[in-house]
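Reviewing the structure listed below.
There are 2 protein chains.
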Amino acid sequence: MIKLSKSVEYALFAIKYLNYIPSDKLVSTKELSESMNIPYDLLAKIMQKLVKTEIVSSVQGTKGGYFLSKSPKQINLNEIIKAVDSEIRLTDCMFENATEDDCKRLNDCSLRSPLSNIQNKIIQLFTSTTLEEII
Amino acid sequence: MIKLSKSVEYALFAIKYLNYIPSDKLVSTKELSESMNIPYDLLAKIMQKLVKTEIVSSVQGTKGGYFLSKSPKQINLNEIIKAVDSEIRLTDCMFENATEDDCKRLNDCSLRSPLSNIQNKIIQLFTSTTLEEII
DNA sequence: TTTATATACGACCGATTTAGTCCGATATAA
DNA sequence: TTATATCGGACTAAATCGGTCGTATATAAA
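From first to last, the protein sequence lines stand for chains U and W. Start counting the first sequence at 0; every next residue gets the next number (numbering that gives the first Met the number 0). Start counting the second sequence at 0; every next residue gets the next number (numbering that gives the first Met the number 0).
Shown next, in the form of structure tokens:
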């Protein structure tokens, strides 16, 4: 399936919102979820993942919240996907040092290498797309 | 999720097998499934979808089976995905004439258009990739 | 004309993945 | 001390995917 997850969509909306807010102001998950109609608990987890990958920063406690730690120009779509979902992998065998345990067909599989090239092009496409172009 | 389905993988293996067989010989689902280690019933359904989209042709009855109706050069990866899964759609709103019923955010959604461009590039990538390059 | 073997096709089921919820812990401003 | 925020893991619900089953139809050959 070639599709963005809801989590990626929500992350993009959240970052878009943060980007429109004066950079010194903090925005809470509550404000984000209510103004963009995104389930609170789900968004809260997404925000935490964005903090972990240093795309946004957080301040804890009352009056706490989130702010963008990079400009949208410096964030690309592949980062978001990796942050909230996982690395793009076109097939299960698309990782270094895959063995026959991972796929019986691996050893004489003519498909793996060309599919790997396609995967690289997709990753390249996402990586070269900055959030400035999207949000 | 950005990943090829098992069905697409199996379709590619099946087409690869058919391509290596003299074009006048028919290959049964049984032979395909046994020689490539693909679940029989699942592969049977995939083959039917490939017939419907005229990528392979079938002959019914005893001694029946399948053969490629196009050369791998004339088949592209997007065709296969459309045939066995469905059209690529990066978000749920990625179709003509989407309304607010499909997505409440639709009317003032700044993301839809740029994501549509990315989707087009992915489709373009798959469409320009012929099976000759893969199998 | 019967039998064996093939495709065609839809219904179903189980496993996995995704989306969303809940709860408790910690941080901090007031 | 209290209210409100992030943090983080466990859990549940819903959707999708992978695979199975049963039955109908086609057809070559005994």
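No residue lacks a Cβ here, since even glycine has one placed at the ideal position from N, Cα and C. Note that the structure is predicted; figures quoted are calculated from it, not measured.
Enclosing beta strand (DSSP E) for W/Ser57 [first to last residue] = 55-58
Beta carbon of W/Lys81 nearer than 8 Å to that of U/Leu124 | no
Are three or more beta carbon pairs between the region 90-104 of chain W and the region 66-79 of chain W nearer than 8 Å?
-> no
For U/Ile95, count neighbouring C-beta atoms within 10 Å of its own C-beta (all shown protein chains included) and say buried if the count is 16 or more, exposed if not.
-> First, the amino acid is wrong: residue 95 of chain U is Glu here, not Ile. Label assigned to U/Glu95: exposed.
Taking DSSP as the reference, what is the three-state secondary structure of W/Thr129?
-> Here W/Thr129 sits in strand by DSSP.
Where does the unbroken alpha helix (DSSP H) through U/Phe94 begin, and where does it stop?
-> In the DSSP assignment, U/Phe94 falls outside any alpha helix (DSSP H), carrying neither H nor E.
Using a Cβ cut-off of 9 Å, pull out every chain U residue sitting near W/Ser109, in sequence order please.
-> Lys15, Ile133, Ile134
Any idea what DSSP makes of U/Asn36, helix, strand or coil?
-> coil
Tell me where the beta strand (DSSP E) around W/Leu137 begins and ends.
-> Residue numbering for chain W in the displayed model covers 0 to 134; residue 137 of chain W lies beyond these limits and cannot be assessed.
For W/Ile87, which three-state DSSP category applies?
-> The DSSP-derived three-state label of W/Ile87 is coil.
Provide the residue(s) that pair with U/Ile1 in DSSP beta bridges, ordered along the chain.
-> W/Ile1
Anyone know if the C-beta pair for W/Glu78 and W/Ile54 falls short of 8 Å?
-> yes
Spatially closest choice to U/Leu110 from W/Val83, W/Glu131, W/Asn106, by CA coordinates = W/Glu131
Could you round the C-beta distance between W/Thr28 and W/Tyr39 to whole angstroms and report it? I think they count as a contact, below 8 Å.
-> 6 Å
Listed from N- to C-terminal order along the chain, which residues in the region 59-85 of chain U have their beta-carbon within a distance smaller than 8 Å of any beta-carbon of chain W?
-> Leu76, Ile80, Asp84
Would you call U/Leu42 buried or exposed, if buried means 16 or more other Cβ atoms sit within 10 Å of its Cβ?
-> That one is buried.
Determine whether the Cβ of U/Asn119 lies closer than 8 Å to any Cβ atom of chain W.
-> no
Is any beta-carbon of chain W found at less than 8 Å from that of U/Leu25?
-> Not a single CB atom of chain W sits nearer than 8 Å to the CB of U/Leu25.
Starting from the beta carbon of W/Ser4, find every residue of chain U whose beta carbon is closer than 7 Å, and list them in chain order.
-> Met0
Counting pairs of beta carbons, one from the region 7-26 of chain W and one from the region 46-64 of chain W, are three or more of them closer than 8 Å?
-> These segments touch.
Can a CB atom of chain U be found closer than 8 Å to the CB of W/Leu114?
-> yes
Where W/Ser32 falls, given that 16 or more other Cβ within 10 Å makes a residue buried = buried
Closer than 8 Å, CB to CB, is W/Lys51 near chain U or not?
-> no
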